[in-house]
Structure formats: C-alpha cells, structure tokens
Amino acid sequence: MALNRRDTLRLFGAGAVAITGAPALIGCSSDGNSGDVGNEGKELAPYPAYVPLVGPTPDLPGDDKGVQNAYLNYPTEIKPAGFDTPGDGSAVTASVITYGVPPTALEQNKFRQAINAALGIQLDLQVIPAANFKEKMATMMAGNELPDIMMFGAGEVLPREEQFIASACADISEHISGDAVKTYPGLANIPAYAWQGLGRIGGRLYGIPIERPIFGGSLMLNRTLVEKAGAKPDWDKDGFLAAMKGVTGGKRYGLGIAMAPSIDYYAGGLGAPNVWDVGADGKFATAFGTQQYKDTLVMLQQMFKDGSVYPDGASTSGTDMKTVFNNQTVAAYRDGWGGYSTQVLAIAKDKWTLDFGLPFAGGNSWGGTGRFGYTVFKKADPARVKMLLAVTNFLAAPFGTKEFELFNYGVEGTHFTRDDKGTPVPTDLWTNTENSTNFPVKYLGSAPLVLHYSGFPDATERVYEWEKKVAPITIPDPSNGIRSQAWTENGAALQKSLTDAWMGIIFRGEDISTYDAVLTKWHNDGGQKAAEEFAAEYAASK
Numbered sequence: 047m048a049l050n051r052r053d054t055l056r057l058f059g060a061g062a063v064a065i066t067g068a069p070a071l072i073g074c075s076s077d078g079n080s081g082d083v084g085n086e087g088k089e090l091a092p093y094p095a096y097v098p099l100v101g102p103t104p105d106l107p108g109d110d111k112g113v114q115n116a117y118l119n120y121p122t123e124i125k126p127a128g129f130d131t132p133g134d135g136s137a138v139t140a141s142v143i144t145y146g147v148p149p150t151a152l153e154q155n156k157f158r159q160a161i162n163a164a165l166g167i168q169l170d171l172q173v174i175p176a177a178n179f180k181e182k183m184a185t186m187m188a189g190n191e192l193p194d195i196m197m198f199g200a201g202e203v204l205p206r207e208e209q210f211i212a213s214a215c216a217d218i219s220e221h222i223s224g225d226a227v228k229t230y231p232g233l234a235n236i237p238a239y240a241w242q243g244l245g246r247i248g249g250r251l252y253g254i255p256i257e258r259p260i261f262g263g264s265l266m267l268n269r270t271l272v273e274k275a276g277a278k279p280d281w282d283k284d285g286f287l288a289a290m291k292g293v294t295g296g297k298r299y300g301l302g303i304a305m306a307p308s309i310d311y312y313a314g315g316l317g318a319p320n321v322w323d324v325g326a327d328g329k330f331a332t333a334f335g336t337q338q339y340k341d342t343l344v345m346l347q348q349m350f351k352d353g354s355v356y357p358d359g360a361s362t363s364g365t366d367m368k369t370v371f372n373n374q375t376v377a378a379y380r381d382g383w384g385g386y387s388t389q390v391l392a393i394a395k396d397k398w399t400l401d402f403g404l405p406f407a408g409g410n411s412w413g414g415t416g417r418f419g420y421t422v423f424k425k426a427d428p429a430r431v432k433m434l435l436a437v438t439n440f441l442a443a444p445f446g447t448k449e450f451e452l453f454n455y456g457v458e459g460t461h462f463t464r465d466d467k468g469t470p471v472p473t474d475l476w477t478n479t480e481n482s483t484n485f486p487v488k489y490l491g492s493a494p495l496v497l498h499y500s501g502f503p504d505a506t507e508r509v510y511e512w513e514k515k516v517a518p519i520t521i522p523d524p525s526n527g528i529r530s531q532a533w534t535e536n537g538a539a540l541q542k543s544l545t546d547a548w549m550g551i552i553f554r555g556e557d558i559s560t561y562d563a564v565l566t567k568w569h570n571d572g573g574q575k576a577a578e579e580f581a582a583e584y585a586a587s588k
C-alpha cells in the first residue's frame, strides 16, 4: 500500500512511522506489549455514548452502518447550533497540521478575529506544515512548553506517541466516558466507530477524534470511459479486467498503479481480510500473506504484462497519478476518500463522469480508522480542561449551522457571498488568503462529515448510492485503536519490505514464489511479535 500521509495510519496502526534521530520523548520500558499504554489487565473506560445531533434534515438520510447524511443542495435555512460561547476570555495555544501557507497576522485577519469572538478565547494557533509535521511535533514533545490543545494523526505517527500522551496530557475519561459526554453534544455526535478507531491508552480516554467516514480508499473511476468499454457498475473480477483492457489503446490505459502501490481495493474485492485476520482462537495473522492477497498480486502483474496498466507507474507518485487520471490518461486508480472532490468534479464537468468503483461481486471493502486525526489537551486543572473540551465541542457544531458555516466558509459578506440558491460563494479574500486551509481550526474539533458536493447534486447522489451498497460489506482493520510495541518499533520497516516486494512482482515480473521468503523474513523481523501483541490487546479491549 502507498505510504501516503492520509493512508499510513489506517494501514499500520499505532507507531508505524519512525523519525530518524528524533529525541527521546518519554522514558519507558520496551519490554512486554505496550508498556503502560496498553489495555491488557486494565479497567477500561467506556467509550462515549453516541447521541446524534443533526442540523437541517438531509435529502438522503444516513444510517447506523456508516452511510453518511447527504445534502443535494446547501441548506436554505442556517440556524445556530445552540451551544453557549465556550471560552473564558483567556489565551489558548494550539498546534495543528496545515496543507496551506501561514495565516496573516490577527490584526489583519478577519477570519481569525471572528473565530476568537465565536469561541470566546484568544487563540494562538501554531500551524505546522505537513512536510515538517513529524519533526516539529517531536521537538515540541521533547520541550518544556506544550500548547493547551495538540492535534496528532493525519497519518503521521510519532515514536512513543502514546507514552507521551499518557505522561503529559489530561485524562478526559471522567468528562466524556459513557453518558458524561452528553454535556458536550457536539462530541456526543461523533459516531462510535471514530472513538473505537482512536482507542484507549492504558484503558483511559485522552483524545477527541476528527471523524472521517468508515470507508477506506476506493477505486476512482472515469465512468464515461469504462461504460464505453461495456462495464457495468456491479462488476466482478472478470468484468473489471475486461473493462480495463477495453479502455486501453493508444496513449490511454485502463488502470493507474503508482509507486508504493495501494492495492487494498483489489485485495478486498478478492476477499482478503483488512490488514489483519483474527482467527476463531483470537490469533492475528497478516492479511498480506493470504491466498487472496497473493492472487491480487498475480492479477495486477498480469494486467501490467497485458498493457492494461499505465507503464510508468513504478516511477509515478500518488500525487502525480491524480493528474494522470484527471487528464484521462487512465480510467481508474486507487485513492483515498478525499480523491473524490469538487475540484476533480469541476475538471470532469461536461466531459466525463467521476465515480467510485464498487468492490468486485462477492468481495469486501477495507474500512479506514474512522478518523483523520485527534486532539489531546495539556494537563491542567479540571476547570481549564472542561473549558478546552467546550471549545472542541463548539468546533464540532454540525453541518447546516451558523457555527459550521463560520468555521468552513468564513464571515458572510467578507469571505463569502451567496448565489441565488443560498450556496456560499467564496470571495477572493477567502480563496487567496483567509481560509480554513491556512487557519485550520477544523483540525481541533469537527462535526462528522456529511455528503455534500457543492454545485454537483448528481455526484452527491452517486456517492450516497455507492455508500449504501458498500457500507454493509465494509470490514474494519482489527488493529484499529489497539497497541503493539513491536509494531511501533518495526512497522515502517516491515511495511517497506512488503511494498518493495509488491513493486517487484507487479512492475518487474518477479515470480510470486519469491514472496514467501519475504513473508518469512517479515515474521522474523517483528511481524510475528506484533501479531501476538495485537491479539493480546484485542482480547483485552473487548
């Protein structure tokens, strides 16, 4: 699987990414399972109760299987969420990842001023560029001055992350465990799968998840091209292969596979378990050694030999493969959930139809962690912790409320206007400078996502119908939310050994028989130990 930022955490569980030369963060033993951050032998704090909090009535309702509420158009009546101003007027420091540029100074930035006024605090948000997130966070964690609120995750897992949190951050179990979370209705609106995907540390609750849908990556599909090749939406493996071959010709190819290939869509379609398989005896076994996974590698190898796969994929990054897809050089490629966006819909508009590919008939779909990241709080007196929790609760106001609109669109008349249907239209100020990318308070707290592709109601309906079919066959990674010291220490190297082998089999034609030796070494180098530790934690977490 591609080791891209948004997928790493889902695939590897805790501690997959190591920082070479990073300072030691918290002294702890490496003996045993996960030191004092594991759940084995601990009394477990119940996860927060789930109390749905919905804004405007959705056009297409979600369900308890993971289908999202869908809105074909932006709500015409936007009301306040009804939350009290959470802050006490004090200064609050926070750190988050950013994919934008540094925000302008508070004195010139009307978006920042409006956020402060709404939250009732003086927010000093330290935005850390994604390219430097691991290094900057490691330095911060090793220092003496910690922000009040810290965001972790986004696919970047730090060495001894859980040990640091257990030592330096507030245990919020008493405030959010079980029915206690009802004090914070925005947080109670976060579905159970997001809390479970975050998990406990030492049996306790420390973080607030930034929710994402249950679905993992999927197949981005140019529906127009594959329909011309005779493909049906409800395809099986043979139908998929025929479509990819039928599209191929000239300088166009059926499938794009990038370097460090993400092949979960295809493996799930052939019935492979999600990362780990849990036997009836509770033992963990890697999904990457199953016959279904080997069959997936052989299938993709044959597609490459047949010419149905983009020939330069071995040297093409995941980001560049998006461009190859958007210009219709390939008809399909695997991407994370965010690959289906209004930006791509705008590129495709009036030329071709963007869609998700369904899993092969009889197969499954690999689920994600249910979160993008999570926030924790520096240790403080109970009143301060409650105030900070109230801030994240306020930030989690649902779609269709005044608060959500502020955090995601800015101030009306300054950052957006409305079209004749009431849909926010960004001003140049929002597009170029003052926006939620450059000042991403949404990564401190956020409502569960809904389906709404502004200006593309047909796309919203397509994804909703896809979710209805895929949610019932989506299977979770059983290591989500649990800890393994061996995986923390060795996960990145173990995964690289597999990825290198996949590259050799798919792109260089290496025989599948060579894979068994790779798997043996994988087990000996820490994979087997991780499986045993995950099994113990899995049993303890039930």
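Yeah, the sequence shown ends on 588 if you go by the working numbering, and it's all consecutive. Even glycine gets a Cβ: it sits at the ideal position worked out from N, Cα and C. These numbers come from a predicted model, not from an experiment.
- With a cutoff of 8 Å on beta-carbon distance, Ala360 and Gly249 are scored as not near each other.
- Rounded to whole angstroms, Asp557 and Cys215 show a C-alpha spacing of 49 Å.
- Between Met349 and Ala505, the alpha-carbon positions lie close to 29 Å from each other.
- Bounds of the beta strand (DSSP E) holding Gly199 are Ile195 to Gly199.
- Using a Cβ-Cβ distance cut-off of 8 Å, the region 156-164 and the region 454-465 are in contact, since at least three pairs of beta carbons, one from each stretch, lie closer than that value.
- Judged by DSSP secondary structure, Leu267 falls outside any alpha helix (DSSP H) and instead within the beta strand (DSSP E) spanning Ser264 to Asn268.
- Excluding its 5 nearest sequence neighbours in each direction, Pro148 has C-beta neighbours in its own chain below 8 Å: Val173 and Asn484, listed in chain order.
- Going by C-alpha positions, Ala176 is about 32 Å away from Leu99.
- In this structure, Glu578 lies away from Ala127, with their beta-carbon atoms at least 8 Å apart.
- The residue among Ser587, Ala563, Ala581 and Glu257 with its C-alpha nearest the C-alpha of Asp327 is Ala581.
- Contact check for Thr342 and Pro319: beta-carbon distance about 12 Å, past the 8 Å limit, so the pair fails to qualify.
- Counting along the chain, the unbroken beta strand (DSSP E) around Ser141 starts and ends at Ala137 to Thr144.
- Here DSSP, grouped into helix, strand and coil, assigns Glu257 to strand.
- Counting C-beta pairs with one atom in each stretch, the region 263-272 and the region 374-394 have three or more that are closer than 8 Å, which means they touch.
- Distances from the CA of Thr122 to each of Val138, Pro104, Asn439 and Glu583 were compared; the closest alpha carbon is that of Pro104.
- Exclusion of the five residues before and after Phe502 leaves Thr388 and Leu391 as the residues of its chain whose Cβ lies within less than 7 Å of its Cβ.
- Judged by DSSP in its simplified three-state form, Phe350 adopts helix.
- By a beta-carbon distance limit of 8 Å, Ile124 does not contact Met197. Their separation comes to about 27 Å.
- In this structure, the CA atom of Phe440 is about 12 Å from the CA atom of Ala234.
- In the three-state scheme derived from DSSP, where H, G and I count as helix and E and B as strand, Ser411 is classed as strand.
- For the 8 Å CB-CB criterion, Val376 and Gly491 do not form a contact.
- In this structure, DSSP gives Ile528 a state outside helix and strand, which the three-state scheme calls coil.
- In the DSSP assignment, Thr463 forms a beta bridge with Val471.
- Thr520 and Gln168 have their alpha carbons spaced roughly 42 Å apart.
- Relative to Gly403, the option among Leu287, Gly245, Leu204 and Glu257 whose CA is nearest is Leu287.
- Following the DSSP letters along the chain, one finds Tyr561 inside the alpha helix (DSSP H) bounded by residues Tyr561 to Trp568.
- Check the Cα spacing between Arg417 and each of Gly446, Lys467 and Ile254: the tightest is with Ile254.
- Of the residues assessed, Lys340 falls on the buried side of the cut-off, its CB having 16 or more other CB atoms within 10 angstroms.
- Non-local beta-carbon contacts of Tyr489 in its own chain, meaning distances under 7 Å to residues more than five positions away in sequence, involve Val142, Ile143, Met197, Ile256 and Gly419 in chain order.
- For Asp284, the enclosing alpha helix (DSSP H) stretches over residues Lys283 to Val293.
- Cβ neighbours of Gly414 within its own chain (closer than 7 Å, five residues either side excluded): Arg56, Arg258, Ile260, Phe261 and Gly262.
- Residues of the same chain with a CB within less than 8 Å of the CB of Asp225, apart from the 5 flanking positions on each side, are Ala95 in chain order.
- Rounded to whole angstroms, the gap between the alpha carbons of Trp533 and Ala576 is 5 Å.
- Its chain contains Gln114 and Asn115 as the residues whose beta carbon lies nearer than 7 Å to that of Gly108, once the 5 sequence neighbours on both sides are disregarded; these appear in chain order.
- No residue range can be given for Gln154, since it is assigned to no beta strand (DSSP E) and is classified by DSSP as neither H nor E.
- DSSP places Val422 in the strand class (E or B) of the three-state scheme.
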